[in-house]
Every structure is written in C-alpha cells, then in structure tokens.
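Residues in the sequence shown are numbered from 0 upward in steps of one, following numbering that gives the first Met the number 0. Some notes on the structure that comes next.
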Amino acid sequence: MPFFTPPNWLFAPAWTVLYLLIGLVLYICWINGFWNNQKLKFAFFLQLALNFLWSPLFFGLQNPLLGLFDIITLDLAVIATVILLHRHSKLAFLLMLPYLAWILFATLLNFFIIILNP
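This is the structure:
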C-alpha cells in the first residue's frame, strides 16, 4: 500500500459524509428544477454509476487496472458535474468539492497500488 494510504477506519465516515453531501446536491437540484438541464442530469447520474462500479471492479474482481480506468472516468464525470452545477447553484457546486477532492485522492491511491504491485 502507498505510504499515504489513510487508516482503514477513516473510509467509512468519509464516505458517509460524502454520500450525504451528494444526496444534498441531488435534493438541491430536484427542488430547484435543475434536472431540466439534460447535461447536468446525465453527468450527475453517470458519476454516481461510475462511483458504484469502482468497488466491484477494484475489490470484487481484484482488478486495480479496471478500477483505475473507472475512477479516471469518474473523475472526468465529477469535474463535468461540478462545472455544470456552478452555472446553477453555488451551494451545490461547493458541496461537491470535497467529493471531487476525495476521488482525485482515491485515483492517486489506485494508481500507486498498481505501480507498487506489478
């Protein structure tokens, strides 16, 4: 494992907070009618699907390389979501930034796991 891997106990609370923030963004989009923007809706649900796909690829199939391809695509989908949210709601935009930071960090972890385990 990379030297900068967080302790195992940190992952559950971190993801709990992040999923609560994602849920709050979903609620903000819903009540404000942002789903009329098809690009935003597509990017949001694509990033959610890619997020849910990563664990089965990385852990279930024990395939960090497939996990890396998924998480890089996830990074791009979250970046697109954040950019589109910025046009509609500063609050929703800000609520997504911790998630973006965490998955970028997770991408780095995934990459180094591959490098350290050829």
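Glycine residues also receive a C-beta, built at the ideal position from the N, C-alpha and C atoms.
State the DSSP-derived secondary structure class of Tyr-61, mapped to helix, strand or coil. Per the sequence shown, residue 61 should be read as Gln rather than Tyr. Correct three-state label for Gln-61: coil.
In whole angstroms, what separates the C-alpha of Ile-82 from that of Lys-40? 13 Å
Residue of Met-95, Ile-114, Ala-76, Phe-43 minimising C-alpha distance to Trp-14: Met-95
Interface flag, Asn-35 vs chain D, CB-CB below 9 Å: This model lacks chain D altogether; it includes just one protein chain.
Check whether Pro-97 and Leu-20 have beta carbons under 9 Å apart: yes
Keeping to the same chain, check which residues put their C-beta closer than 6 Å to that of Thr-80; ignore five residues upstream and five downstream. Ala-42, Phe-43, Gln-46
Which of the three DSSP states is assigned to Gly-32 in this structure? coil
Counting C-beta neighbours from all protein chains within 10 Å, is the total for Leu-73 16 or more, i.e. buried, or is it exposed? buried
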